[in-house]
Amino acid sequence: MTSAAELAQAHTRGTCSVRATLEETLARIAAADVELGAVAALASESARRRADVLDAARAHGFPCGPLFGVPVLLKSNLCYAGHESNCGSRLLAGYRSPFTATVVERLLDAGAVVVGHAHMDEFAMGSSGENSAYRATRNPWDPTRVPGGSSSGCAAAVAARLVPLALGSDTGGSVRQPAALCGISGFKPSYGRLSRHGLVAFGSSLDQVGPLATSVADLELVLEALSGLDVRDATTLGGPPITRGTRSTLTGLRVGVPREYLGAGLDARVRAVIERALAELVAAGAVCVPLELPGTELAIATYYVVATAEAASNLARFDGVRYGARVEGGGSLAAMMGATRGRGLGAEVKRRILLGTFVLSHGFEEAWYGRASAHRAALAAEFRSAFEQVDVIVGPTTPAPAFRLGEKHADPLAMYLADALTVPASLAGLPAVSVPAGFVREGEHDLPVGLQWIGPAGGDAELLAAARLFQNRTEHHRAVPPACTNA
Amino acid sequence: MSDAHSDADLLRLRRVAALARLELEPAEEARLAPELARILAAFEELARRTPAPAPAPAPLEPAARTRPDVPQPSLAPHEFLPGAPATEEGFFLVPKTIGGAP
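Printed below as a string of structure tokens:
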């Protein structure tokens, strides 16, 4: 499959029609997704109507946007008017948003065609895709393994070349971690860079919308099209529109390598892949600078206190009154809400709501939420200090390659550790992108390894430019899962 | 783990579940009570090693910003009512909150 940028150019030139590309996309999904389980719901009819409108518009000389005719899959927590956005939850089965998320509106303004919604961990809580109330998505590189999460369907669909582009969300790594495990590129922008209006909230001080694609160049295209102030999201950053970063060479790039990111708990094979990537950077003229970010050690605990506290608050709205399939529970309002939430929510969501409620409860709030907030501030200060010495920070995106379906499902703490290297950037609100760095061999399968790049707050464009320059020197992102070689 | 610990874990779980308005089946309680205890024990290092709490930071400390106070188009009732669990004559229908069954 060609990239999003190449597809948009082909449609704009008229080399192929938007409708033809869409039909090929739908056919690929029909053929491959039964086993993969990436796509939750197709928007075939609205997509066909839109494709025909775009083809007619081009024929009449209307200008074509930068994503003209590019098929895009949305994570199921992004609202698209009239289409089901169930957040992977039984509680929101059949929920059709009456409005469209700002980022989706901007995708459409850029000419994209939304082909449907992707499976995800329920309410974006998970690192494996197994917490969906509907089905677990498989990893295209090895169908016995997880694709990562929570943007599980988005990552698997792009990796399997079903679509060139998907839009997910990243609270503690939910775009970067599945991108790494599926061998594609995934970007979490700076906090505030993209609007969250129409993204179902999980952790409001952490949530960011993020694109997944087969190349960093396509991520840059999406960032340019989607970023900017939104009056419907007071946290969006103002300033001039984002344009592509100006860096043209890796020579002289100061690359920080935190000791903690290559420490205990890192798979030895992953370490070897990352060390080869660092050697490639040095060969390109970059300068590696050893760093210490000691706050990393407590990042997982900090994240799971802050994120669950915010989740307990945000998910209070799913009570059978404001949202959610109502379950009558014995007559009283409290009983109805308890029954609705008790029967509608899955195990991991309940676990996190309980944890979040506890850390905010009377007598415990200062010891838990207060201290987590204090540690978060210290971690953000460590990053600010580090970026006085370096331009970017790099390391592995995940401590290990994709694990087997079911391997960690019964052990929440083991699952949480899969996020150990992605939550620090989330806590500090920094832009971070995962790009393919190589593979490790596991039995008969090659499993992808991701290299995470973290930039200073607001430095999204230059971060992506540096990651693109690295990617252009490698071939890892061109590798296609074995079952998809005909895609 | 002693029975006293197990009982304390279960009591804590029930108190938190009531605050969170989550009805739990007995089997869920039996699984979640030790899980919650184990997770909190693993995170105790955070409370032990972090000094005095400071106010929660905003990641980028943005200046507070509000949109202009002018009326904007909004959704019409027929656009959002289909999403409600129950409706009647163009209104949301909610369970009785005062004077209902206990």
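Same order as they appear, the protein sequences are chains G and W. Just so it is clear: in the first sequence, position 423 is 456 by my numbering, and no numbers are missing. Just so it is clear: in the second sequence, position 24 is 486 by my numbering, and no numbers are missing. Ideal Cβ positions, reconstructed from N, Cα and C, are used throughout, including at glycine. Model, not experiment: these values are computed from the prediction.
Check: Return the residues of the segment 467-479 of chain W that lie within a Cβ-Cβ distance of less than 9 Å from chain G, sorted by chain order.; Outcome: R474, L475, R477, V478, A479
Check: Counting C-beta neighbours from all protein chains within 10 Å, is the total for S228/G 16 or more, i.e. buried, or is it exposed?; Outcome: buried
Check: If you draw a straight line from the C-alpha of E475/G to the C-alpha of L232/G, how long is it?; Outcome: 36 Å
Check: Please list the partners that P445/G has in chain W, where partner means a Cβ-to-Cβ separation under 7 Å.; Outcome: E497, I501
Check: What's the gap between the Cα of R376/G and the Cα of E343/G?; Outcome: 21 Å
Check: What are the boundary residues of the alpha helix (DSSP H) that includes A246/G?; Outcome: Note, A246/G: premise wrong, no alpha helix (DSSP H); beta strand (DSSP E) at 241-246.
Check: If you measure beta-carbon to beta-carbon, which residues of the segment 384-395 of chain G are closer than 7 Å to chain W?; Outcome: R384, I386, L387, L388, T390, F391, S394
Check: How about G206/G: is its C-beta nearer than 8 Å to some C-beta of chain W?; Outcome: no
Check: Please compile the residues from chain G whose C-beta is within a distance smaller than 9 Å of the C-beta of T549/W.; Outcome: In chain order: nothing, as chain G lies at least about 12 Å away.
Check: Check whether the segment 50-70 of chain G touches the segment 116-128 of chain G, taking contact to mean three or more Cβ pairs, one atom from each stretch, closer than 8 Å.; Outcome: no
Check: With DSSP as the reference, label F220/G as helix, strand or coil.; Outcome: strand
Check: Is it true that the CB of L497/G sits closer than 8 Å to the CB of A461/G?; Outcome: no
Check: If you reduce the DSSP assignment to three classes, tell me which class E343/G lands in.; Outcome: helix
Check: Identify whether P481/G lies in helix, strand or coil by the three-state DSSP scheme.; Outcome: strand
Check: Could you tell me which chain W residues have their CB closer than 9 Å to the CB of F132/G, listed as they occur along the chain?; Outcome: L537, E541, F542
Check: Comparing C-alpha positions only, which one of A310/G, A234/G, R384/G sits nearest to T507/G?; Outcome: A310/G
Check: So, is T48/G buried or exposed, given that buried needs 16 or more other C-beta atoms within 10 angstroms?; Outcome: exposed
Check: For V196/G, which option in R171/G, F235/G, V146/G has the closest C-alpha, if you only look at C-alpha atoms?; Outcome: V146/G
Check: Taking Cβ positions only, does P557/W come closer than 8 Å to chain G?; Outcome: yes
Check: Within 8 Å of any Cβ in chain W, is that where the Cβ of W174/G sits?; Outcome: no
Check: How should D469/W be labelled, buried or exposed, when 16 other C-beta atoms within 10 angstroms of its C-beta is the threshold for buried?; Outcome: exposed
Check: Can you check the segment 389-456 of chain G for any beta strand (DSSP E) of at least 3 residues that lies completely inside it and give the ranges in chain order?; Outcome: 425-429
Check: Let me know if R510/W comes out buried or exposed under the rule of 16 or more other beta-carbons within 10 Å of its beta-carbon.; Outcome: exposed
Check: Would you verify that the beta carbon of G353/G is, or is not, closer than 8 Å to some beta carbon of chain W?; Outcome: yes
Check: Going by beta-carbon coordinates alone, are P434/G and P481/G separated by less than 8 Å?; Outcome: yes
Check: Would you say A53/G touches the ligand NAD, meaning its beta carbon is less than 7 Å from a heavy atom?; Outcome: No copy of the ligand NAD occurs in the structure displayed, which carries no ligand at all.
Check: Can you find the residues in the same chain that come closer than 8 Å, C-beta to C-beta, to D251/G, ignoring five residues on each side of it along the sequence?; Outcome: S36, A37, A38, P197, L198, S218, P244
Check: At which residues does the beta strand (DSSP E) containing L106/G begin and terminate?; Outcome: 104-108
Check: So with CB distances below 7 Å, who are the chain G contacts of A482/W?; Outcome: A345, I386, L387, T390
Check: Taking contact to mean at least 3 C-beta pairs separated by less than 8 Å, is the segment 322-330 of chain G in contact with the segment 412-422 of chain G?; Outcome: yes
Check: Verify whether the separation of the beta carbon atoms of A500/G and V473/G is less than 8 Å.; Outcome: no
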